[in-house]
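Structure record follows, encoded as structure tokens.
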Amino acid sequence: MTALDLKGLSVTLGSRSVLDDLSLTINKGEIVGLVGASGSGKSMTARALCGLLPHHAKISGTLTLNSKTIALDDAESFADIRGRGIGLIFQDPAGIFNPLMSIGDHVAEALVRRSRLARPHAREKARNALDRAGFPKDIPAFDRYPHEVSGGQRQRAMIAAALALSPKILIADEPTTALDVTTENGILALLKQCADEDGLGILLVSHDLPVLARIADRLLLMKEGRIVESSMLPLSNDTAPELARLYALSHKAPIHTAHDRRAPLLQTKSIGKTYRDKSKFLFGSSDTIHALKNISLFLSESEIVAVVGESGSGKSTLARILADLDRASQGEMIWAEGKGRVQMVFQDPAGSLNPRWTIGQSIGEPLSLPADHPRVAEAARDAGLDPALLTRYPHQISGGQAQRAAIARAIIRRPDLLILDEPVSALDFEIRDQILSLLERLRAMHGIAMIFITHDIRAARRLSDRMIILDKGEIVESGMTAEIFSAPHHAVTKALIAASSSEERVRS
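Numbering (the working numbering), first residue to last: 179 to 686.
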């Protein structure tokens with residue numbers, strides 16, 4: 179039974195066509211995966227279905243929901259549909275939630291505003307929705323603010339708010355992008371449960387094809403505002419050649435190769451990081467939180483070591499200490515003589531580039547070089563960035579190009595160590611594959627050692643020589659990457675590897 183039928187969706191922004199004659203259907207209880215590269219129109223499609231396009235957008239097409247057909251340019255019709263007919267889950271709940279409202283009140287607010295419920299009744303229904311979404315029962319949601327819970331818990335709260343009004347269709351826009359694999363699996367299991375038990379039709383938007391392949395019934399591939407391929411699962415090279423090719427990229431064999439024994443570069447001894455629990459400190463408590471405990475590791479020249487763990491395991495704290503952006507509470511770092519130059523590449527390249535500077539200015543800044551200096555163009559070429567883009571600003575280039583610019587800025591000083599904090603988590607798999615190949619090439623060209631911080635154990639397997647598994651601030655397992663994957667010892671490692679493994683759904 180068809181729950182949603184979209185026909186002829188076209189969107190233009192100014193003179194630019196963003197979506198072109200797009201049509202799709204979603205059946206009751208069906209999960210449809212919408213995949214495509216950054217800028218292909220995925221999020222624009224999701225927002226068009228909820229009537230959340232920019233005011234200056236020109237839109238045409240029709241939407242049939244629950245046997246009622248509306249014109250997509252009829253903004254007033256969406257007032258009744260949004261929330262009750264179609265629910266929307268955004269990619270970044272931290273950026274959507276009001277930081278001054280508690281988690282519970284966010285969910286209750288939807289019920290008060292849309293269903294006109296009295297606040298006590300709305301709060302009770304909100305508690306039920308949070309329980310249904312798997313929000314931990316031992317955390318008093320009505321007393322916690324968005325910054326006081328984890329990313330996975332915020333995402334569950336966002337799902338609870340979307341489901342509170344019992345919509346027939348749920349649109350999930352990149353709901354697992356910044357989550358570790360175990361948290362990601364929990365969110366996917368929840369969405370699958372809603373489809374199976376409640377008959378909810380779901381449009382799951384993602385750049386991560388393996389995520390979609392795990393739970394979707396059908397896949398749609400977008401390019402340049404159009405659906406260019408559609409396939410049931412499992413995929414086939416005959417019926418869906420481009421989808422099958424993209425899926426294969428995510429299962430590519432490791433690109434690291436055996437190297438001769440290298441000279442030592444860096445050793446840490448018993449690094450620890452503690453801080454006071456501020457919420458308790460206000461009430462006179464002296465409780466401390468151990469972000470890192472007894473971290474001892476070594477790194478050789480031109481070696482790539484992946485640091486893997488769930489959200490909150492201490493990965494980014496360790497990265498900041500190694501980059502000298504934070505101070506350890508105890509322990510020491512010992513560099514080889516004459517070494518110690520460190521540069522860092524962050525998860526959000528656009529956010530780390532100065533929006534008022536051209537790309538060339540940002541790349542040359544570490545050496546105070548002008549944008550037209552030959553070394554700036556050389557660093558850009560080394561990072562696979564077209565020097566013609568050096569005169570552009572960050573908002574004028576793609577996410578993959580911005581990440582290449584951030585890497586070029588980091589390598590222009592020829593560092594001994596490059597620390598990469600989740601450098602590919604927000605990239606589609608084609609760009610992700612290119613960036614991982616680029617990092618391996620830079621290691622070969624310049625002998626740069628790398629610490630690769632990630633929650634994506636598949637990316638770690640692809641790139642790293644060795645792996646370190648962090649859990650609750652401690653190293654629970656370390657060793658050669660191939661050996662860890664073939665014979666993991668610690669329960670956390672086994673859980674991470676199991677969570678990243680999905681049923682093979684592609685036929686060659």
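Ideal placement from N, C-alpha and C gives every residue a C-beta, glycine not left out.
Legend entry - Residue(s) in a DSSP beta bridge with V523: Position 345 of the sequence shown, counting from 1, holds the residue named residue 523. Beta-bridge pairing links V523 to L598.
Inset, instruction - Taking all protein chains shown into account, decide if G211 is buried (16 or more other Cβ within 10 angstroms of its Cβ) or exposed. - result: Looking up residue 211 in the sequence shown gives position 33. So G211 ends up on the buried side.
Inset, instruction - Evaluate N276 with the Cβ neighbour count: other Cβ atoms within 10 Å of its Cβ, from every protein chain shown; 16 or more gives buried, anything less gives exposed. - result: Numbered from 1 along the sequence shown, position 98 holds the residue referred to as residue 276. The residue is exposed, with fewer than 16 neighbouring Cβ atoms inside 10 Å.
Legend entry - Where the alpha helix (DSSP H) containing R440 begins and where it ends: Within the sequence shown, residue 440 is the residue found at index 262, counting from 1. It is not in any alpha helix (DSSP H) - R440 carries neither H nor E in the DSSP assignment.
Inset, instruction - Check the C-beta distance from L202 over to I347 and give it rounded, since I have them as a contact under 8 angstroms. - result: Here residue 202 refers to the residue found at position 24 of the sequence shown. Here residue 347 refers to the residue found at position 169 of the sequence shown. Going by Cβ atoms, the distance from L202 to I347 rounds to 11 angstroms, so no, they are not a contact pair.
Inset, instruction - Going by CA-CA distance only, name the one from S408, R332, L230, P345 that's closest to L289. - result: Numbered from its first residue, the sequence shown carries residue 289 at position 111. Checked all of S408, R332, L230, P345; the closest Cα to L289 is P345.
Inset, instruction - Take the Cβ of V406 as the centre, count every other Cβ of all protein chains shown within 10 Å, and call the residue buried at 16 or more, exposed below. - result: As a working note, residue 406 is residue 228 in the sequence shown. Classification for V406: exposed.
Legend entry - Backbone secondary structure at D199 - three-state DSSP: Taking the sequence shown and counting its residues from 1, one reaches residue 199 at position 21. The answer is strand: DSSP assigns D199 an E or B state.
Inset, instruction - Count the other CB atoms, across all protein chains shown, that sit within 10 Å of the CB of G379; report buried if there are 16 or more and exposed otherwise. - result: Position 201 of the sequence shown holds residue 379. Flag for G379 reads buried.
Legend entry - Uninterrupted alpha helix (DSSP H) stretches inside the stretch 308-361 (no shorter than 4 residues): 329-341
Inset, instruction - Using alpha carbons as the reference points, say which of G577, A319, S478, R570 lies closest to S218. - result: For this step, residue 218 is matched to residue 40 along the sequence shown. Answer by Cα proximity: G577.
Legend entry - Within 8 angstroms, strictly: CB atoms of D258 and I237: Counting from 1 along the sequence shown, the entry for residue 258 is found at position 80. Counting from 1 along the sequence shown, the entry for residue 237 is found at position 59. Against a cut-off of 8 angstroms, the Cβ pair of I237 and D258 comes out as no contact.
Legend entry - T466 - containing beta strand (DSSP E), residue span: Mapped onto the sequence shown, residue 466 falls at position 288. From DSSP, the beta strand (DSSP E) with T466 extends over 466-478.
Inset, instruction - Please name the residue, chosen from S480, F320, L545, M222, that lies closest to E402 on a Cα-to-Cα basis. - result: In the sequence shown, counting from the first residue as 1, residue 402 sits at position 224. For the residues S480, F320, L545, M222, the minimum Cα distance to E402 belongs to M222.
Inset, instruction - Check whether the Cβ atoms of I281 and A335 sit closer than 8 angstroms, and answer yes or no. - result: Along the sequence shown, one-based indexing puts residue 281 at 103. Along the sequence shown, one-based indexing puts residue 335 at 157. Their beta carbons are under 8 angstroms apart, which means I281 touches A335 by this criterion.
Inset, instruction - Determine the extent of the beta strand (DSSP E) in which F630 is found, giving its start and end residues. - result: The residue labelled residue 630 in the question sits at position 452 within the sequence shown. It spans 627-632 - the beta strand (DSSP E) in which F630 sits, taken as one unbroken run.
Legend entry - Cut-off 7 angstroms between Cβ atoms - residues of its own chain near V670, not counting five sequence neighbours on either side: Position 492 of the sequence shown, counted from the start, is the residue given in the question as residue 670. Result list for V670: I647, D649, V654, in chain order.
Legend entry - Residues of its chain near H633, where Cβ-Cβ distance is below 6 angstroms and the 5 sequence neighbours each way are ignored: Along the sequence shown, one-based indexing puts residue 633 at 455. Answer for H633: D358, listed in chain order.
Inset, instruction - Look up T417 in the DSSP assignment and say whether it is helix, strand or coil. - result: Numbered from its first residue, the sequence shown carries residue 417 at position 239. Note: T417 maps to coil in three-state DSSP.
Inset, instruction - Helix, strand or coil for L378, going by three-state DSSP, please let me know. - result: Indexing the sequence shown from 1 puts residue 378 at position 200. Reduced to three states, the DSSP call for L378 is coil.
Inset, instruction - Put D386 into one of helix, strand or coil per three-state DSSP. - result: Start at 1 with the first residue of the sequence shown, and residue 386 comes out as number 208. Of the three classes helix, strand and coil, the one that applies to D386 here is coil, per DSSP.
Inset, instruction - Mind the definition here: the stretch 554-571 touches the stretch 513-520 only if three or more C-beta pairs lie below 8 angstroms; say whether that holds. - result: no
Inset, instruction - Determine the closest residue to I267 out of S384, Y323, Q579, with distance taken between C-alpha atoms. - result: Counted from its first residue, the sequence shown places residue 267 at position 89. Ranking S384, Y323, Q579 by Cα distance to I267 puts S384 first.
Legend entry - Cβ-based burial, K451 [other Cβ within 10 Å; buried from 16]: Counting from one through the sequence shown, the residue named residue 451 turns up at place 273. With 16 or more other Cβ atoms within 10 Å, it is buried.
Legend entry - Spatial distance of G192 from D199 (CA atoms): As a first step, residue 192 is located in the sequence shown; it is residue number 14 there, counting from the start. As a first step, residue 199 is located in the sequence shown; it is residue number 21 there, counting from the start. Their Cα atoms are separated by approximately 17 angstroms.
Inset, instruction - For my contact list, R636 and S678 are in at a C-beta cut-off of 8 angstroms; report their separation, rounded to the angstrom. - result: Indexing the sequence shown from 1 puts residue 636 at position 458. Indexing the sequence shown from 1 puts residue 678 at position 500. The Cβ separation is near 5 angstroms, so the contact holds.
Inset, instruction - Identify the continuous beta strand (DSSP E) that holds K206 and give its terminal residues. - result: On the sequence shown, position 28 is the one that residue 206 refers to. Neither: K206 is in no beta strand (DSSP E) and is coded neither H nor E.
Inset, instruction - Taking only the alpha-carbon atoms, compute the straight-line gap between G542 and L444 and give it to the nearest angstrom. - result: The residue labelled residue 542 in the question sits at position 364 within the sequence shown. The residue labelled residue 444 in the question sits at position 266 within the sequence shown. Straight-line Cα distance between these residues: approximately 27 angstroms.
Legend entry - Coil, strand or helix - D649 by DSSP: Locating residue 649 in the sequence shown gives position 471, counting from the first residue. It is a strand residue.
Inset, instruction - Taking only the alpha-carbon atoms, compute the straight-line gap between P601 and M623 and give it to the nearest angstrom. - result: Position 423 of the sequence shown, counting from 1, holds the residue named residue 601. Position 445 of the sequence shown, counting from 1, holds the residue named residue 623. Between P601 and M623, the C-alpha separation is close to 20 angstroms.
Legend entry - Beta-carbon gap between A586 and A566 smaller than 8 angstroms: By one-based count along the sequence shown, residue 586 stands at place 408. By one-based count along the sequence shown, residue 566 stands at place 388. No, the pair does not count as a contact, with Cβ atoms beyond the cut-off.
Inset, instruction - Confirm, please, whether the CB-CB distance from L368 to A311 is below 8 angstroms. - result: The residue you call residue 311 lines up with position 133 of the sequence shown. The residue you call residue 368 lines up with position 190 of the sequence shown. Cβ atoms of A311 and L368: closer than 8 angstroms.
Inset, instruction - Compare the beta carbon distance of I482 and S642 with 8 angstroms and say whether it is the shorter of the two. - result: Numbered from 1 along the sequence shown, position 304 holds the residue referred to as residue 482. Numbered from 1 along the sequence shown, position 464 holds the residue referred to as residue 642. Contact: yes.
Legend entry - G229 and K185 closer than 8 angstroms at C-beta: In the sequence shown, counting from the first residue as 1, residue 229 sits at position 51. In the sequence shown, counting from the first residue as 1, residue 185 sits at position 7. Against a cut-off of 8 angstroms, the Cβ pair of K185 and G229 comes out as no contact.
Inset, instruction - Throw me the rounded Cβ distance for the T446 and L470 pair, which I believe falls under 8 angstroms. - result: As a working note, residue 446 is residue 268 in the sequence shown. As a working note, residue 470 is residue 292 in the sequence shown. Not a contact, Cβ separation roughly 10 angstroms.
Inset, instruction - Go through its chain and collect everything with a Cβ distance to I317's Cβ below 8 angstroms, but skip five positions before and after it. - result: Here residue 317 refers to the residue found at position 139 when the sequence shown is read from its first residue. Same-chain partners within the cutoff: V327, Q331.
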